[in-house]
Amino acid sequence: MPKKTYVVDLTSEEREQLTRLVRTGKVAAYKRRHAEILLKADAGPGGPAWTDARIAEALDVGTAILGRLRKRFVTEGLEAALGRHKAERVRSRRLDGDGEAKLIALACSEAPEGYARWTLRLLAERMVALEYVGHCSKNTVHRALKKTGLSLG
276 MPKKTYVVDL
286 TSEEREQLTR
296 LVRTGKVAAY
306 KRRHAEILLK
316 ADAGPGGPAW
326 TDARIAEALD
336 VGTAILGRLR
346 KRFVTEGLEA
356 ALGRHKAERV
366 RSRRLDGDGE
376 AKLIALACSE
386 APEGYARWTL
396 RLLAERMVAL
406 EYVGHCSKNT
416 VHRALKKTGL
426 SLG
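Position in the sequence shown (first residue = 1) + 275 = my numbering.
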C-alpha cells in the first residue's frame, strides 16, 4: 500500500507569518526550523515546492520528520505544526496515595532479618510480595520516598 503524501499549500497570510517568524531573532529554534521546512515544502502558488530529499539535505533534518510535519500541518493546522508534538501516551501512576502510605509505613518498619536497613530493591520486592501493587521497581520507590523526604539511612 503506497504511503499517503501530504501536500503543504500555504495561504499568503500563512506564508507571511512564517517568513516573519524565520526572520525575527526571538523565537525558539524548533519553531524556526518548522517554519523553514513549511516554507520550503509550500506547493501553493509562489511556493518553491521542494522535495523532502532536498529539504532534508538543505536543512539537515531527517525525511521522517518532514513527513510528520507535513501530516501535522495538513491535519491539524499551522499552529499545531509550529508547536511541539504532545505525547499521546498517558502513563498511570504505579503508587497512588494509598500505595505511597503503605510504602512509607513499610520503610519506617524494622528491616527484614539479615539486613541492617531497607534498600530500595527490598522495599519494591516487599510491596509486590504483600500484593500492595502488581509490579514495582526500585525507581518507583525512590521517587515516592524522595517526594516525602524520607531517608532510609
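Even for Gly, the Cβ is constructed at its ideal location relative to N, Cα and C. From a predicted model like this one, the values you see are computed outputs, not experimental measurements.
> Could you give the distance in angstroms between the alpha-carbon of I379 and the alpha-carbon of A355?
Replying inline: 43 Å
> When DSSP labels each residue in this structure, what does T394 get in the three-state scheme?
Replying inline: Of the three classes helix, strand and coil, the one that applies to T394 here is coil, per DSSP.
> V365 to D373, Cα distance in whole Å?
Replying inline: Rounded to whole angstroms, the separation of the alpha carbons of D373 and V365 is 21 Å.
> Of all the options L296, S412, M402, which has the alpha carbon lying nearest to the alpha carbon of H309?
Replying inline: L296
> Which same chain residues, not among the five before or five after L314, have their C-beta less than 8 Å away from its C-beta?
Replying inline: Scanning its chain for C-beta atoms nearer than 8 Å, with the 5 sequence neighbours on each side dropped, one finds around L314 the residues L285, R290, L293, T294, V297, G322, P323, in chain order.
> Can you tell which of R368, A399, G409, R345 has the C-alpha that lies nearest to the C-alpha of K279?
Replying inline: R345
>> Quick check: R359 and C411, are their CB atoms within less than 8 Å of each other?
In response: no
>> Less than 7 Å between C-beta atoms, sequence neighbours within five positions excluded: which residues of the same chain meet that for V408?
In response: Hits under 7 Å: R369, L370, G374, M402.
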